[in-house]
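K.L.:
Got a structure here, written out as structure tokens. Questions coming.
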Amino acid sequence: LKTTQTCLVGTRMEILQEIVDWIHDQDANAPRICWLHGQAGRGKSAVAHTIALHFKNIGKLGSCFCFANEKITQDLESKMFSTIARDLADCNLTFRRELARAIAEDSMLRSTADVVLQWEKLLVEPLSKVSGGIWGNVVLVIDALDETTAYLPSNFRILLTSRPLPDIMLALRDAQDVKEISLDYVPAASIERDIHLYVSKEVERFGGIDERKIEHITWMANGLFVWARLACEFIKRGAGGTVMERFDDLTRSSGMSLLDRMYRPLLESIVGRSPMALPRFRSLMRQIIYTEEPLPMDALHAMRMCFRHQHDCYPVAVILNYMGSLLGGITDHSKPIRPLHVSFYDFLTDQSRSGDYFVDESDIQTDLAVASLHVLRDGLHFNICGLESSYLVNSEVPDLTERINARIPHHLSYSCRFWAKHLQATKFDHVLAGHVRCILQNEKILFWFEALSLLGVLGDAAVALSYTVRWLQVSRLDATALAKDGMKMIHNFSSAASASTPHLYISALPFTPENTVLYRALNTKFSCIAKVAGGNSKGWPLAQVVFQGHSRHVNAVAFSLDGTRVVSGSSDKTVRIWDAEKGLQIGSPLEGHSSFVRSVAFSSDGKRIVSGSDDKTVRVWDANRGVQIGLLQGHTSYVTSVAFSPNGTRIVSGSWDKTVRVWDIDMGVQVGNPLQGHTDWVTSVAVSPDGTRIVSSSNDETIRVWDAEMGVQVGSPLQGHTDWVTSIAFSPDGARIVSGSSDETVRVWDADKCVQIDNSLQGHTHCVTSVAFSPDGIRIVSGSSDKTVRVWDTDIGVQIGSPYQNHTSSVKSVAFSPDGTRIVSGSNDQTIRVWDADTSVPQIDSLFDGHISSVISVASSPCGTRIVSGSSDKAVRLWDAKKGMQIGSPLQGHTDCIRSVAFSFDGKRIVSGSDDKTVRVWNTENGLQIVSPLHGHTDRVTSVAFSHNGTKIVSGSHDKTVRVWDADRGVQIGSPLQGHTDWVTSVVFSPNDTRIVSGSLDKTVRVWHADRVKIGGSLQGHTDGVTSVAFSPDGTRIVSGSSDQTVRIWDVDMGVQIGSPFHGHISFVTSVAFSADGTRIASGSNDMTVRVWDAARGVQIGSPLHGHTSCVTTVAFSSDSTSIVSGSNDETMRIW
């Protein structure tokens, strides 16, 4: 018994009282054994010694026996019962006589190591003869039982303490007459109170450790008494530094290593260096550390069984059952697995500290992503919680919580909420992408939405799909379009579907626009849902969510960095936070300003909000708790604009007092002097992405750039606006500044040269009030007093699409969401609106809709009035280019996917090539096939073209050959042109019909004489398969597109590449074409865009043409080069 190891007076009161009450309980049926267990450092020994000392003082202690690691070699377990027997003999003469008699009868009892024999002969039999002579309960305290291997019977009252190790748990957990108390699940508030009291007592002799520092130490203890003890010892350590220096050292770094000396011996005893146990330990701890939230043991096991490699699929219990000393959740499988102390995970991930037990991230994110997607695939199904009707909203279903707990287990709930976060942390992988497609490309996506709705986090689906879209952008998959549609479905319907889950199926799906990829993929799966007879939109609406709650003008809006929340400031003097998906206010309004709120912003970590007001103050708010945490005063007039620095340590503000000020957030003080130079009100401020510059705008019609550190103006003011400059913003790369003005224009400036770039953006009919860049810097959004929101292409300086026009009063503030898919606007009409930002360059006509599968090839007639298309639906279709209407019936005859179509140069014939290995020629007037199919290729035909004089047809095939055909007689001319070593993907005649060019997956472009004599060598340079080739109108150049994501131009005579490759596409290039004058090139790509290039300079003209929702498979210029036609796997054609 060590009296120095007892609990501090006033701590552990509840546990101690519970044990004392148990000891005094005279009920004959009261448990005879109390097992107190908990992780290392929880204070078990202190409780045991406190109880022992208490009962020793009142004469009721029979014996106290303690095990210790440092005495493990002394074989203490063989001495336990003999020691207890001796202690009892000292307490009771009768027991002493019976014990002496037992030893006299069997002298071997003096030295036997048989603990069972000791128990029976030294304790049980003597006690049975004197039990009537012992008054009251005798207390036996056995501390740290886990340090021995002794097995204890359970037939009289004993207080045992141990860590929750498997053998002890097996013996005691289900044993009769055992009372179990766990120190691992004591209420956090109680533990925090006790540790605070302990720390306060220990440091009361130190100078400078005030209440705030005591609270910080208590917080760092993370519920662990042993850490608190070591921390106090660290602070009061001897020479070498002051108390305050040691406290600072503790809180900065040293505090995380205080327990290292405990971790390593424990791991050596639990795991050792076994060639099986050690790798499994590392792998399992990697899983535990890198999950987004702690999971119970069963959930960890369920996910591990879905890991990619068989050697990683083992029962987690083979490791975790022995980790009770260091991890919580081992004894109670309903609890999540948590570390003994937060420093344990730091220890494991720092190789210099953990050595052999080091755990790196490795490829665990891929394993967790794959496992999560497997869990979704196998665990999701329709009506997972068995809801009987949509009549009751979720909150009215009486036993919904019980159903969710029973039918959406932890591992499924986790996978629903976090699969995309793990996906985002991985590099693109085709196998992993296949798992993503298994969820997105069928009804599983709706089942996933259903589960999230039941879990109350349906809005998170939009964020998850946003991650997925970014991850898929580097791929060659069509799932991106489904992910984008899924985001828009959540944006438009999450409010209703969150309130009543069944409305995903009975409302959201039927009202999903019929032209979307999502609707087409799911409509047939749910044949019994309602059909919208008329009036349903063919595309997603621009306006998605309206937030209502402010009672006066909304002056400012901003997205949080994760896109899940919107903050707004209003003339009603409040700041409000909103759920970006549901449009619902989160918590109460943030109140404190005494006048109009003019500007708001989120910090980069989303934890704080800053607001500026006409009350001349800047206020800082806790975004989660909704309370004010800072008040910055100094401006002498209205504060019009506020912004955080990128690292979140400073705030910049602008004011009608004509100054810009910089503030230290933590200290709550102004940094340096005000930035002065403007001669009128400052209207807007922004900080560059690298934090080195500040830009401000003013009613003095100028924009000024400032050095953020020096506090001085950089260069001359930016001049050009002819009226007040109302709003400014930096581009994401910091190279440009956008400004809006009362002169009704938007202007873009070079941030380094301080000069305007190109002409002003014009279109607004009243004052421009707010401007912002998209996250990729390609677009600008502007809001105006003309009640509209407009989006602009920054490269070519034109408006994209039509204005957003639902506001009924001046638009005061606009911002892009972090993923660039949405725009938020605030208005004097007292509303906040969220818009679909995924609008594109307007198409000349509506999309051409008719094919029932992917459109693989398109071509424009020489006169430009008609378009021909070929599709995976095996049909060739002819279209009116102006009206977008199909002409006649489909041209049918092919028995497989059509890969290529082309017009003859007189427009009277069409040629098509197909996976059925044939080439067919059609009459454009009557739609009938001319001559018999052209047979000869031994694999699918990928490309066809007419010669300019119409007498010949050229075709390329997967059989690696190029063939030339007589167009009138339908027979092959000569032998196949051979030389390519992989599939031929594209062929075309030169303008004078003397040469043929071909592209192949062997990465080469080859030029042939039309009379079958090959010219020179191949054109080499592409690093992946060539997918498309075309001649320039004068026949001197060839353009090629490739899976290496580049477009290249070649000199036909010299056989060399001209200039550098054209870079821009982010996935493989599928099709290329020259304009009729040879000055431009169009390209289509799996990145779902069409791009136009300057053929001479090799630069992209304008922004990519967005609109297709899947891979663009083919592009062609109209005969007059004023428009481009494109075909896509989204089953549509579009004209641009």
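The sequence shown begins at 1 in UniProt numbering and counts up by one.
We put the beta carbon where it would ideally sit given N, CA and C, even for glycine.
1) LEU1105 to SER1126, Cα distance in whole Å?
2) Please classify SER871: is it buried, with 16 or more other beta-carbons within 10 angstroms of its beta-carbon, or exposed?
3) Out of curiosity, what's the CA-to-CA distance linking ASN992 and TRP1008?
4) Just mark PRO279 as buried or exposed, buried being the case when its beta carbon has 16 or more other beta carbons within 10 Å.
5) For VAL316, name the three-state secondary structure that DSSP assigns.
6) List the DSSP bridge partners of LEU1019.
7) Which residues does DSSP pair with SER296 in a beta bridge?
8) Nearest by alpha-carbon distance to ALA30: which of THR4, ASP177, LEU36 is it?
9) DSSP three-state call for LYS812: helix, strand or coil?
10) Report yes or no: do the region 541-559 and the region 806-817 share at least 3 C-beta pairs separated by less than 8 Å?
11) According to the Cβ coordinates, are ARG995 and PRO976 closer than 8 Å?
12) Count the other CB atoms, across all protein chains shown, that sit within 10 Å of the CB of GLU105; report buried if there are 16 or more and exposed otherwise.
13) State the Cα-Cα distance for the pair SER415 and LEU522, rounded to the nearest angstrom.
14) Using the C-alpha atoms, what's the distance from VAL868 back to ASP845?
15) By the DSSP assignment, the alpha helix (DSSP H) with LEU230 in it spans what residues?
16) Identify every residue that forms a DSSP beta bridge with ASP750.
17) Does LYS952 pass the burial test, meaning 16 or more other C-beta atoms within 10 Å, or should it be called exposed?
18) For VAL375 versus LEU432, is the C-beta spacing smaller than 8 Å?
19) Give the single residue among LYS874, SER527, ARG101 whose Cα lies nearest to the Cα of VAL919.
20) Would you list the one or two residues that DSSP bridges to SER986?
21) Helix, strand or coil for TYR638 per DSSP?
22) Along the chain, where does the beta strand (DSSP E) that runs through THR1132 open and close?
23) Taking just the CA atoms, how far does TRP448 sit from LEU440?
24) Excluding the five sequence neighbours on either side, which residues of its own chain have a C-beta within less than 8 Å of the C-beta of MET262, listed in chain order?
25) In this structure, does DSSP put ASP579 in helix, strand or coil?
26) In angstroms, rounded to a whole number, what distance separates the CA positions of ILE852 and GLU396?
27) May I have the straight-line CA-CA distance separating ALA277 from LEU340, to the nearest angstrom?
28) Determine, using beta carbons only, whether GLY950 and ASP1011 come nearer to each other than 8 Å.
29) Whether or not the region 357-366 and the region 286-301 are in contact is what I'm after, with contact meaning three or more pairs of Cβ atoms, one per stretch, closer than 8 Å; do they touch?
30) So, do the region 688-699 and the region 717-737 have three or more beta carbon pairs nearer to each other than 8 Å?
31) Ignore the nearest five residues each way along the sequence and tell me which others in PHE234's own chain have a CB closer than 7 Å to its CB.
32) So, does the region 559-577 touch the region 585-604, judging by three or more C-beta pairs under 8 Å?
33) Does DSSP classify GLU211 as helix, strand or coil?
34) Taking the CB atoms as reference points, tell me whether ALA859 and ALA530 lie closer together than 8 Å.
35) State buried or exposed for TRP724, treating a residue as buried only when at least 16 other CB atoms are found within 10 Å of its CB.
36) For the alpha helix (DSSP H) containing LEU109, name the first residue and the last one.
P.N.:
The structure says:
1) 10 Å
2) buried
3) 13 Å
4) exposed
5) coil
6) VAL1005
7) The question names Ser, but residue 296 in the sequence shown is Pro. Looking at the DSSP assignment, PRO296 forms a beta bridge with PRO336.
8) ASP177
9) strand
10) yes
11) no
12) exposed
13) 22 Å
14) Note that ASP845 scores 36 on pLDDT, short of 50, meaning its location in the model is unreliable; the coordinates nonetheless yield the value given after this. For ASP845 and VAL868, the distance between alpha carbons rounds to 16 Å.
15) 225-235
16) ARG736, VAL755
17) buried
18) no
19) LYS874
20) GLY999
21) coil
22) 1132-1135
23) 9 Å
24) ALA40, GLY41, VAL226
25) strand
26) 43 Å
27) 20 Å
28) no
29) yes
30) yes
31) ARG246, LEU250, SER254, LEU258
32) yes
33) helix
34) no
35) buried
36) Unbroken run through LEU109: none, as it is neither H nor E.
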